[in-house]
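Quick note on the UniProt record's numbering: the sequence shown kicks off at 1 and runs consecutively.
Glycine is no exception: its CB is placed at the ideal position from the N, C-alpha and C atoms.
Since the structure is predicted, the reported quantities are computational estimates derived from the model, not experimental observations.
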Amino acid sequence: MIATVTLNPSLDRTLRVQSLERGEVQRALYNHTDPGGKGVNVARALSAHGVPVVTVLPAGGTTGASLVAGLVEAGVDHVAVPVQSRTRANVSIVEPDGTTTKINEPGVPLTSRELKAITDAVIARVGPGDWVVTAGSIAPGQDPEVYAAIGRAARAAGAHWAVDTSGVALAASLTARPDLVKPNREELSEVLGVELRTLDDVVEACDGLVNGNGLTVVCSLGPDGALLVDRHGAWHGTGPRVQVENTVGAGDALLAGFLYGLTVEGSAQDGLRSGIAWATAAVATPGTGVPAPDRVRPDDVHITEAAAATLTHLESA
Ligand SMILES: Nc1ncnc2c1ncn2[C@@H]1O[C@H](COP(=O)(O)OP(=O)(O)OP(=O)(O)O)[C@@H](O)[C@H]1O
Ligand SMILES: O=P(O)(O)OC[C@@]1(O)O[C@H](CO)[C@@H](O)[C@@H]1O
C-alpha cells in the first residue's frame with residue numbers, strides 16, 4: 001500500500017490561450033479542471049496503473065468538494081478530512097508551444113486538530129513495508145515540521161517515507177531522514193544554498209545528501225530528464241522527445257512511476273526508468289496530466305551511469 005498526503009492540495013484549473021498577453025482580456029480556447037496537489041497527483045497516477053494507493057487530504061469549501069468529486073469520478077481511494085478553510089484553486093495558463101504560466105494560491109494553515117485527523121488517517125492505513133508520500137507546499141504560517149512529523153509517525157509504523165516538498169518544509173524533512181526525496185533542481189539548489197549548473201553539480205549535491213543520510217535522491221531536471229543517486233551509485237535518465245502539452249504534474253508522475261518501478265518491479269533503476277516513462281507521458285497529456293498506461297514507453301528511456309555523463313551542461317540551466 002502507498003499512502004500519499006497533501007497538506008495544501010488544490011483544484012487545478014487549466015486554461016489554454018493562443019498566446020498570453022499581459023494586461024489584455026483574452027478568450028480561453030479550452031479549459032479543464034483536475035484534482036490537484038502533488039500527493040493527490042501521485043495517487044491519481046498510481047491508481048490509474050492499478051497500484052493500491054490511498055490519498056489523504058484536507059478538503060474545505062466548494063473547491064474542496066469539487067476536488068473530492070474529481071477523485072470519486074476517477075475512482076481514487078481517498079480520505080478527505082473536512083477543514084474550516086476553503087481548499088485553494090491554482091491556475092495554469094498554457095500556450096500552444098507548451099509554455100505554462102502557473103499561479104498558485106498560498107493556501108491557509110491547518111489547525112492542530114485538522115493535522116491530527118490527517119496524521120491519524122494516514123497511520124491507520126499503513127503498516128510495515130508500505131510507503132507514505134508527503135508532498136506539496138505547506139501554507140504560509142504552517143509549522144515547517146509538519147511533514148517531518150508525519151514522516152516520523154510513518155517510520156514508527158514500519159513504513160518507508162518519501163518526501164517531495166520545497167523550502168523550509170524540505171529542509172525540516174531532510175533533518176528527519178526520509179527514505180526517498182524528490183526535489184527538482186531549483187528546490188535542491190535552494191535547500192542546499194548552492195548553484196547547480198551542470199549535471200556534475202547536481203550529482204555532487206545529491207551525493208552529499210546520500211552520504212550524510214543514507215537516503216535515495218531522485219532529482220528531476222525538466223527537459224534534461226532525471227537523476228537517481230543512492231548508496232550504490234548515480235544514474236541519469238532521459239525520455240524520448242515528445243510534443244509538450246503541459247508540464248504541470250510531471251514531477252508527480254516521475255515520483256509515482258519511480259515508486260511503481262521500485263515496489264512492483266523491484267529496483268531503484270527500474271524506478272528511474274518507469275518514473276521517466278510516466279513523466280514523459282504526463283508532459284504529453286493536457287491538464288494536470290496523469291500518464292495513461294497505454295502511453296507509457298519504458299523501453300524508450302535512455303539511462304547511463306552519471307559518471308559517464310558528467311559535466312553535461314543542463315539545457316534548462
Ligand atoms: N519539457 C519537457 N520535455 C520532456 N520531458 C519533460 C519536460 N519537462 C519535464 N519532463 C519530464 O518530467 C520530469 C519531471 O519534470 P520537472 O523537473 O519539471 O518536475 P517538477 O519541477 O517536480 O514538476 P511539477 O512540480 O510540476 O510536478 C522530468 O524528470 C522529465 O522526465
Ligand atoms: O504550491 P505547491 O503545493 O508547491 O504545488 C501545487 C501544484 O502546482 O503542484 C501540482 C503539480 O506538481 C499541481 O497539481 C498543483 O497545483
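{"Query": "Within 8 Å, strictly: CB atoms of N8 and A139", "Result": "yes"}
{"Query": "Alpha carbon of G127 to alpha carbon of A157, nearest angstrom", "Result": "6 Å"}
{"Query": "Own chain partners of S189 with C-beta closer than 7 Å, once the 5 adjacent residues on each side are dropped", "Result": "E195, L196"}
{"Query": "Rounded straight-line distance, which links the Cα of T99 to that of P35", "Result": "21 Å"}
{"Query": "Distance cut-off 7 Å: D12 Cβ against heavy atoms of ligand 2", "Result": "yes"}
{"Query": "Given 8 Å, three or more beta-carbon pairs between the segment 148 to 155 and the segment 80 to 97", "Result": "no"}
{"Query": "Identified DSSP bridge partners for N90", "Result": "D12"}
{"Query": "Inter-residue spacing [alpha-carbon to alpha-carbon] between Q18 and R231", "Result": "47 Å"}
{"Query": "Any non-hydrogen atom of ligand 2 closer than 7 Å to K182 Cβ", "Result": "no"}
{"Query": "Strand pairing of A80, partner residues [DSSP]", "Result": "L57"}
{"Query": "L196, DSSP secondary structure in three states", "Result": "coil"}
{"Query": "Inter-residue spacing [alpha-carbon to alpha-carbon] between R113 and D120", "Result": "11 Å"}
{"Query": "Same chain only: Cβ atoms within 8 Å of A234, ignoring 5 sequence neighbours per side", "Result": "V203, C206, D207, L227, L228, E305, A306, A307"}
{"Query": "Residue of R88, L221, T263, T14 minimising C-alpha distance to R27", "Result": "T14"}
{"Query": "Continuous beta strand (DSSP E) assignments of at least 3 residues falling wholly in the segment 188 to 251", "Result": "216 to 220, 226 to 230, 233 to 238"}
{"Query": "Contact test: D294 Cβ vs ligand 1 heavy atom, cutoff 7 Å", "Result": "no"}
{"Query": "6 Å Cβ shell around V68 - same chain, five flanking residues per side excluded", "Result": "A59, A80"}
{"Query": "Close Cβ partners of S267 (< 8 Å) along its chain, the five nearest in sequence each way excluded", "Result": "G261"}
{"Query": "Whole beta strand (DSSP E) elements within the segment 116 to 150, 3-residue minimum", "Result": "131 to 135"}
{"Query": "Endpoints, alpha helix (DSSP H) assigned at T100", "Result": "Premise fails: T100 lies in the beta strand (DSSP E), 100 to 103, not in any alpha helix (DSSP H)."}
{"Query": "Secondary structure of G37, DSSP reduced to three states", "Result": "coil"}
{"Query": "For A306, the first and last residue of its enclosing alpha helix (DSSP H)", "Result": "A306 -> no alpha helix (DSSP H), and no H or E assigned at all."}
{"Query": "Own chain residues within Cβ distance below 6 Å of P286, not counting five before or after", "Result": "E245, N246"}
{"Query": "Per DSSP, cross-strand counterpart(s) of W278", "Result": "BP columns for W278 are empty, so no partner."}
{"Query": "A284 vs V248 beta-carbon contact at 8 Å", "Result": "no"}
{"Query": "Proximity winner among L115, N90, L20, relative to I103 (alpha-carbon distances)", "Result": "N90"}
{"Query": "Residues bridged to D164 [DSSP beta-bridge criterion]", "Result": "A135"}
{"Query": "Option nearest residue 323 by Cα separation, candidates T198, S92, D130, L170", "Result": "What the structure shows of the chain is the stretch from 1 to 317, and residue 323 is not part of that stretch, so it cannot be assessed."}
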